[in-house]
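> If you scroll down you'll find the structure; I have some questions about it.
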Amino acid sequence: MIAFKTVKYHIERESALNSKLPHVGTSIFSTMTGLANQYQAINLSQGFPEFDAPERLKATLNQTVGQGMNQYSPSAGIAPLQQQIGALVERKYGLKIDAAQAVTVTSGATEALFVAISAIVQAGDEVIVFDPAYDSYEPAIHLAGGIAVPMALRAPHYAIDWPLLEQAVSDKTRAIIINTPHNPSARVLSKADIEALKGIVIKHDLLLISDEVYEHITFDGNTHHSVLGEKALFERAFVVSSFGKTFHCTGWKMGYCVAPPKLTAEFRKIHQYVTFSSFTPAQFAIADMLENEPEHIDELGAFYQRKRDLLVNALASSRFTCLPSEGTYFLLLDYRRLSDLSDVEFCEYLVKEVGVAAIPLSVFYHTPNDDKVIRLCFAKEDATLLSAAEKLCQL
Ligand code: PMP
Ligand code: GLN
Numbered sequence: 003m004i005a006f007k008t009v010k011y012h013i014e015r016e017s018a019l020n021s022k023l024p025h026v027g028t029s030i031f032s033t034m035t036g037l038a039n040q041y042q043a044i045n046l047s048q049g050f051p052e053f054d055a056p057e058r059l060k061a062t063l064n065q066t067v068g069q070g071m072n073q074y075s076p077s078a079g080i081a082p083l084q085q086q087i088g089a090l091v092e093r094k095y096g097l098k099i100d101a102a103q104a105v106t107v108t109s110g111a112t113e114a115l116f117v118a119i120s121a122i123v124q125a126g127d128e129v130i131v132f133d134p135a136y137d138s139y140e141p142a143i144h145l146a147g148g149i150a151v152p153m154a155l156r157a158p159h160y161a162i163d164w165p166l167l168e169q170a171v172s173d174k175t176r177a178i179i180i181n182t183p184h185n186p187s188a189r190v191l192s193k194a195d196i197e198a199l200k201g202i203v204i205k206h207d208l209l210l211i212s213d214e215v216y217e218h219i220t221f222d223g224n225t226h227h228s229v230l231g232e233k234a235l236f237e238r239a240f241v242v243s244s245f246g247k248t249f250h251c252t253g254w255k256m257g258y259c260v261a262p263p264k265l266t267a268e269f270r271k272i273h274q275y276v277t278f279s280s281f282t283p284a285q286f287a288i289a290d291m292l293e294n295e296p297e298h299i300d301e302l303g304a305f306y307q308r309k310r311d312l313l314v315n316a317l318a319s320s321r322f323t324c325l326p327s328e329g330t331y332f333l334l335l336d337y338r339r340l341s342d343l344s345d346v347e348f349c350e351y352l353v354k355e356v357g358v359a360a361i362p363l364s365v366f367y368h369t370p371n372d373d374k375v376i377r378l379c380f381a382k383e384d385a386t387l388l389s390a391a392e393k394l395c396q397l
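Position in the sequence shown counted from 1, then plus 2, gives you my numbering.
This is the structure we're talking about:
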């Protein structure tokens with residue numbers, strides 16, 4: 003069976019190097035993409051678009067490189083991009099910010115999350131995280147000397163029990179990390195969720211890290227309730243987003259963090275020593291897209307909703323149960339009618355025998371989980387989605 007969490011290589015290194023992350027192995031995303039390549043399976047596991055970035059974005063990047071804009075940018079990002087992000091925040095969420103003081107361009111959302119966590123977590127601090135969650139949060143908390151306190155969300159609704167969450171707050175709790183639209187559950191926090199969160203964060207004087215990388219990808223009229231739209235929450239928050247998701251360019255690793263000036267100052271102290279600055283030509287190209295092709299963002303929800311519907315319809319005659327996908331580019335499938343295997347075993351069977359790679363959800367939990375749910379990514383060409391669905395319908 004696939005060893006997802008700890009590989010021998012790490013155990014050997016641990017004794018020699020006294021590993022700071024002894025229990026961390028290769029990420030599930032690398033593992034499943036590796037297996038998909040090895041078995042030539044259709045890769046619906048790791049979340050990345052199969053289609054290309056917009057023509058204008060690519061052309062502007064090429065031009066910028068050709069014009070010699072190839073040196074370091076200011077550490078916080080080029081001013082035109084900061085301004086465009088500020089304008090987007092105002093257009094989408096009605097929040098006016100001083101972009102020069104509040105926006106920091108980063109090398110992907112992953113860097114922004116790492117830096118935000120490093121900026122606020124001290125030895126012994128607790129940070130509440132949800133299970134399942136994007137896999138970078140916990141190692142970053144651990145490296146900062148903090149303790150991740152997991153709150154499990156369970157299929158099929160993955161709803162947050164706010165009174166239970168409040169019980170998990172202790173005098174050591176420093177922050178909560180939320181993610182909406184949520185990877186991997188594909189659920190979107192409601193206005194009532196944000197209100198409940200606000201009550202707890204303010205009452206217990208906590209900080210907030212809000213991972214909103216799928217902010218522009220919501221379906222069926224579900225609104226994305228950003229922390230940027232709640233002044234009282236934003237005052238104590240780092241809000242993180244990713245251009246990789248928005249402009250189909252995950253390989254560029256471009257993202258940003260919006261935070262009030264005081265928090266931004268701490269964020270930038272660390273950002274300058276993690277990367278100093280991010281890829282300059284991409285900053286110019288993204289600023290141009292935000293200014294001149296705003297419809298790309300406005301059409302993203304409908305673009306992905308059509309793909310979600312294509313996949314859900316193509317799976318209608320299968321024995322899988324599709325769970326609601328309200329946002330992101332992920333769809334969860336319950337496979338209990340097909341198999342008694344654990345989700346890890348089932349994904350191994352799917353990639354080797356059926357030719358479709360998926361992500362098992364249990365690997366994101368601290369406690370044993372047998373919900374029998376797997377995640378598919380539908381940021382793929384229609385033909386790819388239809389071929390995968392055809393294989394899955396045969397089970
Ligand atoms: N947060 C979540 C919830 C994600 O799904 C991802 C990427 N898949 C990231 C953060 C990281 O984004 P980036 O690639 O910009 O680092
Ligand atoms: N976040 C992406 C996913 O959920 C993967 C990103 C990565 O591989 N680190 O699939």
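In this text, a Cβ means the ideal position worked out from N, Cα and C, and glycines have one as well.
In angstroms, rounded to a whole number, what distance separates the CA positions of residue 372 and residue 77?
45 Å
> With H, G and I counted as helix, E and B as strand and the rest as coil, what does DSSP make of residue 258?
Shown here, residue 258 sits in a strand according to DSSP, grouped into three states.
> Should residue 257 be counted as a contact of the ligand PMP given a C-beta to heavy atom distance under 7 Å?
yes
> By the 10 Å Cβ neighbour count, where 16 or more other Cβ atoms means buried, how is residue 294 classified, buried or exposed?
So residue 294 ends up on the exposed side.
> Would you mind giving the Cβ-Cβ distance between residue 363 and residue 376, rounded to the nearest angstrom? I have them listed as a contact below 8 Å.
7 Å
> Rounded to the nearest angstrom, how far is the Cβ of residue 397 from that of residue 320, given a contact under 8 Å?
7 Å
> For the beta strand (DSSP E) containing residue 129, list its first residue and its last residue.
128-133
> In whole angstroms, give me the CA-to-CA distance for residue 63 and residue 284.
6 Å
> Give a single yes or no on whether residue 371 has its beta carbon closer than 7 Å to a heavy atom of the ligand GLN.
no
> Taking all protein chains shown into account, do 16 or more other C-beta atoms lie within 10 angstroms of the C-beta of residue 172, making it buried, or fewer, making it exposed?
Classification for residue 172: exposed.
> Could you tell me if residue 93 is buried or exposed, where buried requires 16 or more neighbouring beta carbons within 10 angstroms of its beta carbon?
exposed
> Looking at the ligand PMP, does it come within less than 7 Å of residue 244, judged from the CB to the closest heavy atom?
A distance criterion of 7 Å places the beta-carbon of residue 244 in contact range of the ligand PMP, judged by its closest non-hydrogen atom.
> In the DSSP assignment, the alpha helix (DSSP H) including residue 389 goes from what residue to what residue?
384-395
> Any idea if residue 301 is buried or exposed, counting beta-carbon neighbours within 10 angstroms, 16 or more meaning buried?
exposed
> Are residue 359 and residue 72 closer than 8 Å when you measure CB to CB?
no
> Return the CA-CA distance between residue 21 and residue 225, expressed in angstroms with no decimal places.
43 Å
> To the nearest angstrom, how far is the alpha carbon of residue 250 from that of residue 187?
21 Å
> What would DSSP say about residue 318, mapped onto helix, strand or coil?
Coil, per DSSP.
> Using the Cα positions of residue 338 and residue 239, report the straight-line distance between them to the nearest angstrom.
39 Å
> Who does residue 178 pair with in a DSSP beta bridge?
130, 210
> Considering only residues of the same chain and omitting the five flanking positions on each side of residue 52, which have a CB-CB separation below 7 Å?
381, 382, 383, 386
> Measure the C-alpha to C-alpha separation of residue 191 and residue 123 and round it to an integer number of angstroms.
25 Å
> Helix or strand or just coil, what does DSSP make of residue 243?
strand
> State the DSSP-derived secondary structure class of residue 5, mapped to helix, strand or coil.
Low confidence applies to residue 5: its pLDDT is 47, below 50, so where it sits in the model is not reliable, and the reading given next is rough at best. Coil, per DSSP.
> Counting only beta-carbon separations shorter than 8 Å, does residue 316 have a partner in chain C?
In the displayed structure, chain C is absent; only one protein chain is listed.
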